[in-house]
Structure formats: C-alpha cells, structure tokens
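> Quick one: structure below, then a few questions.
Residue numbers (my numbering), protein chains in the order written: chain A, 127 to 241; chain B, 416 to 526.
Next up, the structure:
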C-alpha cells in the first residue's frame, strides 16, 4: 500500500509570495492533518481535515489555510510568506481521526525556504 | 492543555549500550501514547504505540510501557545500533483533539 505522499519535496519562495503544498493520504484514510516543524518550535499542529471539513485548528495566523477534496487529498496554502515560515511541513493521514486509538502516518514533508 | 515532556538530549551512546529516553505527559482522560522516529531528511515514522494503561508497545527491539500512575511512557532498547541514530518524538492523542508532540530527543550512536 502506498504511503502518504507530499509534493513538492522542496520549495524556495521569497517574502510576500504565496505557496500551495499538496498531500495525498494513504488510500482509504479520510483524516488529514498538517504540522509545521522548525528547530525552535518543534512540531506544531496546523489543522486537521475530515470529509472536506476542517475539524481541528492549531494556533496559527489566518495566512495559513487548507482544504480537502472529495478524494481526501489535501492542500495547504500560506499567503504573504514571512521568513519565519521557513520550515518542514508534514502531512499525516489516518482512517478517521477523532479517536484515541487511531494512528497517524506521516509523509516525508515539504521543505519550504523563504528568502 | 495537554502536553508532553521528554529529555531533549542530545543523547550519545556507544553501540550495544542500553537506551532510555524519558517521556512524561499531562492530559485529561486516557490518551493514546506514541513514539515516532525521524531519520535525517525524512518524515516521522511510527515506532510503537500503546492505547491503555499497562499496555506495552514494542517494535524493532524498542519497548515502552504506558504507566498511568506516573503518567510516563519511557522508551527503552537493550542494545542500540548505529542505525538507530535519529530523533525520537513522544506524542499523545487525546481522543482526536489533536496530536501533541514532545520536543524530540536526538540520539547519536557511535560505533
């Protein structure tokens, strides 16, 4: 079974631009979560989508947004990029989420560098 | 809110040494507990998990026991290898409210 895939793997942008990252979950998984990983802040939860609806949201500004499509694929968008947005963005999928026994499976991440 | 605390390291060991990485948590109710591993340049991989008190998760020689009385989920391995060098994250999931990760512990194993 294919794992979680993320595209692109690497991205370089300049301040003020916007960026869209894509995540394809494991087949059959309906919950997709996004995380930001930085050396200073560690792993921080961005948001979770289930059945095309945002179900949970972390403490990030409105510049960070996402969506999920009917095939469970998800995209994350960051507008008006700042230097501090440079990070590894990880996507994780699970069957349904919302249950403590569910396991999240992570993709390899997209490394975003903002110049 | 829920939180996870773990020793930040870095931890440096010689090959075949015994490994312990401490993890404690704060959460209401009965969360599931996880250990994830991140190798250089890669995403996170599930190492093991436990979903209720006294459960022991195990995988690839690693073990961790869910101790509710001490709110701990310490990771152990009897004999580490160079290939175990990575960053290890303890995490909890409290009924899907969202995953909470510890800061990660970098492990370096020297030959």
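Glycine included, every Cβ here is placed at the ideal spot set by N, Cα and C. Note that this is a predicted model, so its numbers are computed, not measured.
Can a CB atom of chain B be found closer than 8 Å to the CB of residue 232 of chain A?
The residue given as residue 232 of chain A occupies position 106 in the first chain. Yes, because at least one Cβ of chain B sits closer than 8 Å to the Cβ of residue 232 of chain A.
> Any idea what DSSP makes of residue 198 of chain A, helix, strand or coil?
Taking the first residue of the first chain as 1, we reach residue 198 of chain A at position 72. Coil, per DSSP.
> Just tell me which of A/166, A/153, A/197 and A/158 has its CA closest to the CA of residue 173 of chain A.
By one-based count along the first chain, residue 173 of chain A stands at place 47. The shortest Cα separation from residue 173 of chain A among A/166, A/153, A/197 and A/158 belongs to A/158.
> Can you confirm whether residue 239 of chain A, when its beta carbon is compared against all beta carbons of chain B, has any partner nearer than 8 Å?
Sequence index remark: in the first chain, residue 239 of chain A carries index 113 (1-based). It does not: the Cβ of residue 239 of chain A has no partner Cβ on chain B nearer than 8 Å.
> Please name the residue in A/240, A/231 and A/238 whose C-alpha comes closest to that of residue 130 of chain A.
Reading the first chain from its first residue, position 4 is the one you call residue 130 of chain A. Out of A/240, A/231 and A/238, A/231 has the C-alpha closest to the C-alpha of residue 130 of chain A.
> Given that a residue counts as buried once 16 or more other Cβ atoms are within 10 Å of its Cβ, and exposed if not, what is residue 240 of chain A?
The count along the first chain starts at 1 and reaches residue 240 of chain A at position 114. Its Cβ being crowded by 16 or more others within 10 Å, residue 240 of chain A is buried.
> Checking contacts by CB at 8 Å: is residue 475 of chain B closer than that to chain A?
The residue labelled residue 475 of chain B in the question sits at position 60 within the second chain. Output row for residue 475 of chain B: interface = no.
> If you follow the beta strand (DSSP E) that residue 521 of chain B is in, where does it begin and where does it stop?
One-based indexing of the second chain puts residue 521 of chain B at position 106. Run containing residue 521 of chain B: 520 to 525, per the beta strand (DSSP E) assignment.
> Taking the alpha carbon of residue 505 of chain B as the reference point, which residue from B/497, B/514 and B/498 has its own alpha carbon closest?
Stepping through the second chain from its first residue, residue 505 of chain B is reached at position 90. It is B/514.
> Under 8 Å by Cβ, that's how I've got residue 178 of chain A and residue 150 of chain A pegged, so tell me the actual separation to the nearest angstrom.
Start at 1 with the first residue of the first chain, and residue 178 of chain A comes out as number 52. Start at 1 with the first residue of the first chain, and residue 150 of chain A comes out as number 24. 15 Å between Cβ atoms; not a contact.
> By the three-class DSSP mapping on this structure, what secondary structure does residue 459 of chain B have?
Along the second chain, read from residue 1 onward, the residue named residue 459 of chain B stands at position 44. Note: residue 459 of chain B maps to strand in three-state DSSP.
> When we look at the beta-carbon of residue 163 of chain A and count the other beta-carbons within 10 Å, is it buried (16 or more) or exposed?
In the first chain, counting from the first residue as 1, residue 163 of chain A sits at position 37. Buried is the call here.
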